[in-house]
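So for the sequence shown, this note's numbering puts the first residue at 4; every next one is plus one.
Ideal placement from N, C-alpha and C gives every residue a C-beta, glycine not left out.
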Amino acid sequence: MIKIGVSSCVVGSKVRYDGGHKRSSFVATTVSDIFQMVPFCPEVGMGMSVPRPTIHIRDFTNGDNGDLRLVDSKDGSIDHTPKMAVYFSKIESQIQELDGYIVAAKSPSCGMERIKVFNKQGDMMHRKGQGLFVSHLKRAFPNLPIEEDGRLNDQGLKDSFFARVTAHHRFRKMVLEEPSVNSLVQFHSQFKFLVLAHKPDIYRLMGRVVANAKSQGLESSIKEYFTLMMSALSKASTRKTHTNVLMHLQGFLKKSLTKDEKQELCEQIELYRTGLVPLLAPLTLLRHHLKRHPNQYLENQAYMHPYPLELGIMS
Ligand code: SF4
Numbered sequence: 004m005i006k007i008g009v010s011s012c013v014v015g016s017k018v019r020y021d022g023g024h025k026r027s028s029f030v031a032t033t034v035s036d037i038f039q040m041v042p043f044c045p046e047v048g049m050g051m052s053v054p055r056p057t058i059h060i061r062d063f064t065n066g067d068n069g070d071l072r073l074v075d076s077k078d079g080s081i082d083h084t085p086k087m088a089v090y091f092s093k094i095e096s097q098i099q100e101l102d103g104y105i106v107a108a109k110s111p112s113c114g115m116e117r118i119k120v121f122n123k124q125g126d127m128m129h130r131k132g133q134g135l136f137v138s139h140l141k142r143a144f145p146n147l148p149i150e151e152d153g154r155l156n157d158q159g160l161k162d163s164f165f166a167r168v169t170a171h172h173r174f175r176k177m178v179l180e181e182p183s184v185n186s187l188v189q190f191h192s193q194f195k196f197l198v199l200a201h202k203p204d205i206y207r208l209m210g211r212v213v214a215n216a217k218s219q220g221l222e223s224s225i226k227e228y229f230t231l232m233m234s235a236l237s238k239a240s241t242r243k244t245h246t247n248v249l250m251h252l253q254g255f256l257k258k259s260l261t262k263d264e265k266q267e268l269c270e271q272i273e274l275y276r277t278g279l280v281p282l283l284a285p286l287t288l289l290r291h292h293l294k295r296h297p298n299q300y301l302e303n304q305a306y307m308h309p310y311p312l313e314l315g316i317m318s
């Protein structure tokens, strides 16, 4: 089962500074039914109590070279930064098994972006920071998909996050656990259309990495490929890129479908292109035809099943 890390308060644990939680019903029910959620509360994990005094991020150089520290909000005299580093090193091996992470927004520990940063004197400087735990997470696992609980209400972001989680899992299992040029070639073939729907130009670069894997060295090629793929999938797909992919896919079925079936599929793709139906409409029709006219290459395409349908996505 795919494992996703999550800020404990997002799945309902009462671990916040005020003794409350920040439960997201989508994460605590729908997502938790499909994936194995692994909750962490970094502040409690590094020894803080519940409830506890508030903390925030301070830049002790007032913007000069960014000596960012996690300190108590009252007067900044208690520095929690080293304790967070120790806590992170303790749980690092557990994070290695994860394929995604859902964090709580606005927290000086878990927040992914727009976190308030204060100066040495305790006055707010800007809101462009990130939580200290997330900084550790990004540094140690740059390819791990991370998303904030609230942003998962956005259809496109939800779509992208779960596609990345599934791709991350498949890459770990297919390539990282059994590294070979062949496993890389196979993965690349199966993710062709999913990546094309997000970033066609990065797909071409990925193809070059695969083609040169033997001569350039397998280990460094796998590393480069993983970074390129996760970066491609983090870019939003568009109706235009999806339409191109759908037209490619229908080409594989042209010899199997009747004239009327081809016409109907073309109409669904056109309705999707013009925004009148969601992506699920032409995709469902394609899947229906695939059941009747099996095609192993298409069935293996991650694009046809990018993530579990129960998540209710596919914009
Ligand atoms: S945001 Fe993070 S540190 Fe704060 S209560 Fe939730 S899990 Fe704990």
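### Query
What residues are listed by DSSP as bridge partners for residue 104?
Against the sequence shown, residue 104 aligns to sequence position 101. DSSP lists 8 and 149 as partners of residue 104.
### Task
Measure the beta-carbon distance from residue 8 to residue 101 and round it to whole angstroms, keeping in mind my assumption that it falls under 8 Å.
Counting from 1 along the sequence shown, the entry for residue 8 is found at position 5. Counting from 1 along the sequence shown, the entry for residue 101 is found at position 98. About 5 Å; that satisfies the 8 Å criterion.
### Task
In the DSSP assignment, find the unbroken beta strand (DSSP E) run with residue 60 in it and report its ends.
Start at 1 with the first residue of the sequence shown, and residue 60 comes out as number 57. Note, residue 60: beta strand (DSSP E), 58-62.
### Query
Quick one: does the C-beta of residue 19 sit closer than 6 Å to a heavy atom of the ligand SF4?
For the purposes of this step, residue 19 is taken as residue 16 along the sequence shown, with counting starting at 1. Result yes, Cβ under 6 Å from the ligand SF4.
#### Entry: Cα-Cα separation between residue 190 and residue 177, rounded to whole angstroms
In the sequence shown, counting from the first residue as 1, residue 190 sits at position 187. In the sequence shown, counting from the first residue as 1, residue 177 sits at position 174. Computed Cα separation, rounded: 7 Å.
### Cβ contact (3+ pairs, closer than 8 Å) linking the region 194-213 and the region 133-152
no
### Task
Take residue 234 and list the residues in its own chain whose beta-carbon comes closer than 7 Å to its own, dropping the five residues that flank it on each side.
For the purposes of this step, residue 234 is identified with residue 231 of the sequence shown, where counting begins at 1. Contacts found: 205.
### Task
Report yes if the C-beta distance between residue 75 and residue 56 is below 7 Å; otherwise report no.
Residue mapping note: residue 75 aligns to position 72 of the sequence shown, counting from 1. Residue mapping note: residue 56 aligns to position 53 of the sequence shown, counting from 1. Yes, they are a contact pair.
### Message
I need the straight-line Cα distance from residue 268 to residue 171, nearest angstrom please.
### Response
Numbered from its first residue, the sequence shown carries residue 268 at position 265. Numbered from its first residue, the sequence shown carries residue 171 at position 168. Going from the Cα of residue 268 to the Cα of residue 171 covers about 31 Å.
### Query
Hey, residue 125 and residue 111: beta-carbon distance below 7 Å or not?
In the sequence shown, counting from the first residue as 1, residue 125 sits at position 122. In the sequence shown, counting from the first residue as 1, residue 111 sits at position 108. No, they are not a contact pair.
### Exposure label - residue 195; buried when at least 16 CB within 10 Å
Within the sequence shown, residue 195 is the residue found at index 192, counting from 1. It is buried - the Cβ of residue 195 has at least 16 other Cβ atoms within 10 Å.
### Task
List the DSSP bridge partners of residue 122.
Position 119 of the sequence shown, counted from the start, is the residue given in the question as residue 122. 62, per the DSSP bridge assignment.
### Query
Terminal residues of the continuous alpha helix (DSSP H) containing residue 257?
What you label residue 257 is simply residue 254 of the sequence shown in a count that begins at 1. Looking at the DSSP string, residue 257 is not in any alpha helix (DSSP H), and its letter there is neither H nor E.
### Message
Determine whether the beta carbon atoms of residue 107 and residue 12 lie at a separation below 7 Å.
### Response
Position 104 of the sequence shown, counted from the first residue, corresponds to residue 107. Position 9 of the sequence shown, counted from the first residue, corresponds to residue 12. In contact: residue 107 and residue 12 (Cβ atoms closer than 7 Å).
### Presumed contact (8 Å Cβ cut-off) between residue 1 and residue 17, rounded CB distance
There is simply no residue 1 to check, as the chain begins at 4 and stops at 318 in what is shown.
### Message
I want to check one thing, is the minimum distance from the CB of residue 10 to the heavy atoms of the ligand SF4 below 6 Å?
### Response
Mapped onto the sequence shown, residue 10 falls at position 7. Flag set: Cβ of residue 10 near the ligand SF4.
### Task
Just tell me which of 81, 150, 138 and 262 has its CA closest to the CA of residue 165.
Sequence index remark: in the sequence shown, residue 165 carries index 162 (1-based). That would be 150, whose Cα lies nearest to the Cα of residue 165.
### Query
Helix, strand or coil: which one does DSSP assign to residue 129?
Within the sequence shown, residue 129 is the residue found at index 126, counting from 1. Note: residue 129 maps to strand in three-state DSSP.
### Query
Looking at residue 137 and residue 129, is the spacing between their C-beta atoms short of 7 Å?
Counted from its first residue, the sequence shown places residue 129 at position 126. Counted from its first residue, the sequence shown places residue 137 at position 134. Not in contact: residue 129 and residue 137 (Cβ atoms no closer than 7 Å).
### Message
Please list the terminal residues of the continuous beta strand (DSSP E) segment that includes residue 45.
### Response
Numbered from 1 along the sequence shown, position 42 holds the residue referred to as residue 45. Taken as a continuous stretch (DSSP letters only), residue 45 belongs to no beta strand (DSSP E), being part of the alpha helix (DSSP H) at 45-48.
### Query
To the nearest angstrom, how far is it from the Cα of residue 36 to the Cα of residue 64?
The residue you call residue 36 lines up with position 33 of the sequence shown. The residue you call residue 64 lines up with position 61 of the sequence shown. Roughly 45 Å between the two C-alpha positions.
#### Entry: Of the residues 215, 257 and 274, the one placed nearest residue 243, counting alpha carbons only
Residue numbering aside, residue 243 sits at position 240 when the sequence shown is read from its first letter. The option with the nearest alpha carbon to residue 243 is 274.
### Task
Report the rounded CA-to-CA distance for residue 61 versus residue 123, giving the unit in angstroms.
Taking the sequence shown and counting its residues from 1, one reaches residue 61 at position 58. Taking the sequence shown and counting its residues from 1, one reaches residue 123 at position 120. Cα to Cα, the separation comes out at about 6 Å.
### Task
Just tell me which of 127, 285 and 183 has its CA closest to the CA of residue 217.
One-based indexing of the sequence shown puts residue 217 at position 214. Comparing Cα positions, the closest option is 183.
### Task
Please work out which residues of its chain come closer than 6 Å, Cβ to Cβ, to residue 19, disregarding the five sequence neighbours upstream and downstream, and give them in chain order.
Along the sequence shown, read from residue 1 onward, the residue named residue 19 stands at position 16. Closer than 6 Å at the Cβ level, and outside the excluded window around residue 19, lie 12.
### Message
In the DSSP output, which residue or residues are listed as bridge partners for residue 40?
### Response
Residue 40 sits at position 37 when you count from the first residue of the sequence shown. For residue 40, which the question treats as bridged, DSSP gives the partners 7.
### Message
For residue 154, would you say it is in contact with chain D, using Cβ-to-Cβ distances shorter than 7 Å as the test?
### Response
Although the question refers to chain D, the structure presented lacks it and comprises just one protein chain.
### Message
Can you tell me whether residue 107 sits near the ligand SF4, meaning its C-beta is under 6 Å from at least one heavy atom of the ligand?
### Response
The residue you call residue 107 lines up with position 104 of the sequence shown. Yes, Cβ of residue 107 sits closer than 6 Å to a heavy atom of the ligand SF4.
### Task
Sort 299, 98 and 163 by Cα distance to residue 140 and report the nearest one.
For the purposes of this step, residue 140 is taken as residue 137 along the sequence shown, with counting starting at 1. When each option's Cα is compared against that of residue 140, the closest is 98.
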